[in-house]
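According to my numbering, the sequence shown is numbered sequentially starting from 1.
The structure appears right after this line, and notes come after that.
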Amino acid sequence: MSVGRKERAEEENKDGLSDKEEMRSVEEEDFEEAMREAAPSTTSRRKPGPCKKQIVPKIPEAVEDFLRNFLQRSGLSRTMNSFEAEWYSSAQKLMTETLAMAATGVLFIPDALTHRQLLQSELETAHRETDLLRQDVLLAGEGLVRMQRERGFYRLQYRRVAEDKNRLMEDFKQLKKHLESYKLALRQLEDKYQAALGQKMLISLKKDRVQNTTDIRMNQEKSQIKKERSMKRSSSADNSTATSTISTQSKDTEFAACSRRVHPFLPQKWKSPSSFSLSYSIRAHKLPISCIDLHPRKLILASASDDRSWKLWVLQANGEKVGQMVMTGEGHSDWLSGCSFHPDGAKLATSSGDSMVRLWDFSRSCCVLTLPGHSQPTWGCSFHSCGHFLASCSADRTAKLWDLNSQRCHLTLRRHTASVNSVCFLPFSNLLITCSADKTLAMWDARMGVCTATFHGHQHPCNHTTFSPAGNVMASCDSCGIINLWDIRKPALAVAMVDAGPLAANRVAFNPSGKTLAVASTDCLVRVVEVDSCVTSSLLGHSDSVQSVTFNHGGETVISAGSEGVINVWA
Numbered sequence: 001m002s003v004g005r006k007e008r009a010e011e012e013n014k015d016g017l018s019d020k021e022e023m024r025s026v027e028e029e030d031f032e033e034a035m036r037e038a039a040p041s042t043t044s045r046r047k048p049g050p051c052k053k054q055i056v057p058k059i060p061e062a063v064e065d066f067l068r069n070f071l072q073r074s075g076l077s078r079t080m081n082s083f084e085a086e087w088y089s090s091a092q093k094l095m096t097e098t099l100a101m102a103a104t105g106v107l108f109i110p111d112a113l114t115h116r117q118l119l120q121s122e123l124e125t126a127h128r129e130t131d132l133l134r135q136d137v138l139l140a141g142e143g144l145v146r147m148q149r150e151r152g153f154y155r156l157q158y159r160r161v162a163e164d165k166n167r168l169m170e171d172f173k174q175l176k177k178h179l180e181s182y183k184l185a186l187r188q189l190e191d192k193y194q195a196a197l198g199q200k201m202l203i204s205l206k207k208d209r210v211q212n213t214t215d216i217r218m219n220q221e222k223s224q225i226k227k228e229r230s231m232k233r234s235s236s237a238d239n240s241t242a243t244s245t246i247s248t249q250s251k252d253t254e255f256a257a258c259s260r261r262v263h264p265f266l267p268q269k270w271k272s273p274s275s276f277s278l279s280y281s282i283r284a285h286k287l288p289i290s291c292i293d294l295h296p297r298k299l300i301l302a303s304a305s306d307d308r309s310w311k312l313w314v315l316q317a318n319g320e321k322v323g324q325m326v327m328t329g330e331g332h333s334d335w336l337s338g339c340s341f342h343p344d345g346a347k348l349a350t351s352s353g354d355s356m357v358r359l360w361d362f363s364r365s366c367c368v369l370t371l372p373g374h375s376q377p378t379w380g381c382s383f384h385s386c387g388h389f390l391a392s393c394s395a396d397r398t399a400k401l402w403d404l405n406s407q408r409c410h411l412t413l414r415r416h417t418a419s420v421n422s423v424c425f426l427p428f429s430n431l432l433i434t435c436s437a438d439k440t441l442a443m444w445d446a447r448m449g450v451c452t453a454t455f456h457g458h459q460h461p462c463n464h465t466t467f468s469p470a471g472n473v474m475a476s477c478d479s480c481g482i483i484n485l486w487d488i489r490k491p492a493l494a495v496a497m498v499d500a501g502p503l504a505a506n507r508v509a510f511n512p513s514g515k516t517l518a519v520a521s522t523d524c525l526v527r528v529v530e531v532d533s534c535v536t537s538s539l540l541g542h543s544d545s546v547q548s549v550t551f552n553h554g555g556e557t558v559i560s561a562g563s564e565g566v567i568n569v570w571a
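Quick look at the structure:
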């Protein structure tokens with residue numbers, strides 16, 4: 001029995017050793033498989049491709065199955081029976097303890113096999129993430145190589161552009177030097193051109209003056225002949241003949257005693273056109289145009305601008321190009337605010353932001369008189385019909401009357417409490433009208449220097465006022481686009497009101513018949529108002545605010561100028 005037990009023990013030891021060797025071999029195989037899986041393949045390093053098929057590792061059998069198979073192969077049936085009895089009883093007990101521990105909240109500690117499976121799954125996840133990262137790295141490497149190539153290309157392009165820039169800079173410097181050499185010649189040509197324009201203007205004015213003088217002499221001779229004939233017929237014994245005399249213009253600076261004379265153009269029959277359309281435009285100045293004025297007899301327009309200059313423009317094609325500049329002048333140190341032709345058409349008065357009023361002679365092509373006296377910017381000026389007096393208005397709340405013969409201030413008119421924005425003589429009279437930012441208008445007797453009437457009716461600062469050619473109606477506009485029509489004999493209340501707002505109305509002008517009124521508005525429109533019916537129509541053609549407007553001598557053309565520096569002619 002002892003021998004049999006020894007043999008059986010030796011057989012069990014041998015079987016145990018063989019089982020241990022078998023377990024070692026299985027573990028070594030599992031380790032080699034894990035190493036093969038962890039090692040990255042050379043193909044995946046060289047070129048990214050689809051993910052390789054996942055290899056399912058061999059999961060070793062459970063411990064109880066291994067022991068049961070071992071005992072069955074060895075023929076130890078009784079040992080296997082006792083093992084199964086003890087194993088199942090211990091397994092039942094283990095399950096009962098596990099349930100009790102779960103009920104009490106004690107965590108279950110996994111065995112080595114379960115832990116190995118968890119580690120195996122984590123390892124597989126890490127391998128998959130590694131493959132994805134490897135692919136991203138390869139793509140990033142390819143992008144880096146492509147960007148390096150593009151960088152080289154753009155460097156070449158930059159060098160080429162830099163060379164072109166340097167070459168162009170050299171050419172520009174050479175052209176600039178070449179232009180400097182021509183500046184003197186250009187200046188000389190410009191002086192010759194201005195001199196030629198002045199000479200041409202002078203010849204035209206002389207011809208006009210000679211023609212007017214000839215007409216006056218012929219009229220005087222005709223009237224004298226008629227007088228002689230009537231005197232011969234009515235005289236009883238006196239055969240003496242009256243000597244013909246030619247009246248000469250007196251240089252007396254005193255105003256005429258009569259306060260109102262008849263306008264020479266009123267007997268004519270004027271026709272007011274029903275509509276206007278844009279005929280042509282003149283690009284006159286680069287900066288805004290503040291004022292325009294028409295020559296008393298010719299279609300020559302004067303424009304004053306913020307660029308400190310005034311210019312004369314031809315508006316009729318009479319052997320000359322329409323819109324051609326014939327003369328220009330500069331001398332003010334600040335922007336120009338207004339301009340006005342002398343009644344004889346040979347001079348021009350300008351007002352400016354430098355508080356000066358200047359008188360320009362076309363025959364001399366220069367400024368012949370400077371009138372200092374205002375302490376703030378001057379806004380406008382107007383000639384008396386005799387041509388010996390000039391009125392100006394200023395932001396210093398005064399209007400001044402200048403004697404052009406004695407070259408001094410004849411009167412200073414003080415009544416307004418704010419800036420005086422406009423001044424205008426009643427045609428062929430001694431009456432003067434001023435409008436102010438204090439919302440009132442004042443009428444003055446220029447001969448006496450007293451205010452004869454005050455007009456109240458505007459609710460906003462007044463910008464401009466003017467008389468109709470007949471002299472019985474006056475128009476004014478304010479900063480909210482309200483136009484009031486006044487009867488100068490009834491200053492208490494406006495005769496009519498036209499709303500052209502809400503933006504400001506900058507200037508108003510009557511046509512020669514006095515039946516139509518043109519309004520320059522800040523909303524880029526020129527409005528034409530029928531005085532009798534107050535019916536308004538609009539002319540659209542300016543791209544910026546309209547600063548000044550006037551009619552031609554016949555009243556069939558409207559001329560406007562705006563802040564864009566353009567003069568529009570509406571026919």
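All residues carry an ideal CB built from backbone N, CA and C; glycine is no exception.
Return the bridge partner residues of S537 from the DSSP annotation.
Listed as beta-bridge partners of S537 by DSSP are V528.
Just list the residues that DSSP pairs G338 with in beta bridges.
BP columns for G338 point to S351.
So the candidates are G331, S337 and S309; which of them puts its Cα closest to the Cα of M325?
The shortest Cα separation from M325 among G331, S337 and S309 belongs to S309.
Is it right to say I567 is buried, meaning 16 or more other beta carbons lie within 10 angstroms of its own, or is it exposed?
Looking at its Cβ environment, which holds 16 or more other Cβ atoms inside 10 Å, I567 is buried.
Is the beta carbon of S563 less than 9 Å from the beta carbon of S545?
Yes; because the gap between Cβ atoms is below 9 Å, this pair is in contact.
Does the distance from the C-beta atom of C480 to that of A496 stay below 9 Å?
Going by C-beta atoms, C480 is not nearer than 9 Å to A496.
In terms of residues, what are the limits of the beta strand (DSSP E) holding N484?
Taken as a continuous stretch (DSSP letters only), the beta strand (DSSP E) holding N484 covers I482 to D487.
Is V161 helix, strand or coil by DSSP?
In this structure, DSSP gives V161 a helical state, which the three-state scheme calls helix.
V357 - containing alpha helix (DSSP H), residue span
Where V357 is concerned, there is no enclosing alpha helix (DSSP H), although the beta strand (DSSP E) it sits in stretches over V357 to D361.
Distance, T398 Cα to H416 Cα
Looking at the two C-alpha atoms, the distance is approximately 7 Å.
Alpha carbon to alpha carbon, how far is H285 from D361? Give it in angstroms, no decimals.
CA-CA distance, D361 to H285, rounds to 21 Å.
Nonlocal neighbours in the same chain, by C-beta distance under 6 Å from L426, ignoring five residues either side
Taking L426 as the centre and dropping the five residues before and after it, the same chain places the C-beta of F467 and G471 closer than 6 Å to its C-beta, in chain order.
Entirely within the segment 400–428 and at least 3 residues each: give me those beta strand (DSSP E) ranges in chain order.
Secondary structure in the segment 400–428: the beta strand (DSSP E) runs of 3 residues or longer, each lying completely within the stretch, are 408–414 and 420–425 in chain order.
Simplified DSSP state of S548, which is helix, strand or coil
If DSSP states are grouped into helix, strand and coil, S548 belongs with the strands.
Throw me the rounded Cβ distance for the G565 and L287 pair, which I believe falls under 8 Å.
With a Cβ gap of about 6 Å, G565 and L287 count as contacting.
I want to know whether the segment 513–528 touches the segment 487–496 - three or more CB-CB distances under 8 Å.
No, the segment 513–528 does not touch the segment 487–496.
Is L493 helix, strand or coil by DSSP?
The answer is coil: DSSP assigns L493 none of H, G, I, E or B.
Going by Cα to Cα distance, which pick from P343, L348 and D334 is closest to T328?
Looking at P343, L348 and D334, the one whose alpha-carbon comes closest to that of T328 is L348.
The beta strand (DSSP E) with S309 in it runs from where to where?
Counting along the chain, S309 sits inside the beta strand (DSSP E) bounded by residues S309 to V314.
Buried or exposed: which applies to M95, given that a residue is buried once 16 or more other Cβ atoms fall within 10 Å of its Cβ?
Label assigned to M95: exposed.
Alpha carbons only, please: which of A442, H456 and N430 is nearest the one belonging to M448?
Out of A442, H456 and N430, the CA that lies nearest to the CA of M448 is found in N430.
If you compare alpha carbons, which of D307, A391 and G331 is closest to H342?
Taking H342 as reference, the option from D307, A391 and G331 with the minimal CA-CA separation is A391.
How would you write the range of the alpha helix (DSSP H) that L76 sits in, first residue to last?
No alpha helix (DSSP H) contains L76, which DSSP labels as neither H nor E.
Spatial neighbours of Q376 within its chain, please: C-beta separation below 7 Å, excluding the five flanking residues on both sides.
S355, S394, A395 and D396, listed in sequence order.
V473, DSSP secondary structure in three states
Assigned with DSSP and collapsed to three states, V473 falls in strand.
Excluding five sequence neighbours on each side, which residues of the same chain lie with their C-beta closer than 6 Å to the C-beta of S281?
Excluding five sequence positions before and after S281, the CB atoms of its chain that fall closer than 6 Å to its own CB belong to V566 and N568, given in chain order.
Residues that C291 bridges to, as DSSP identifies them:
In DSSP, C291 forms a bridge with A304.
First and last residue of the uninterrupted beta strand (DSSP E) at L441
Start and end: T440 to D445.
Looking at S337: is its Cβ nearer than 9 Å to the Cβ of A304?
Yes, these two residues count as a Cβ contact at 9 Å.
With burial defined as no fewer than 16 other Cβ atoms inside 10 Å of the residue's Cβ, what is the status of R507: buried or exposed?
R507 should be labelled buried.
Give the DSSP-derived three-state secondary structure of L299 in the structure shown.
If DSSP states are grouped into helix, strand and coil, L299 belongs with coil.
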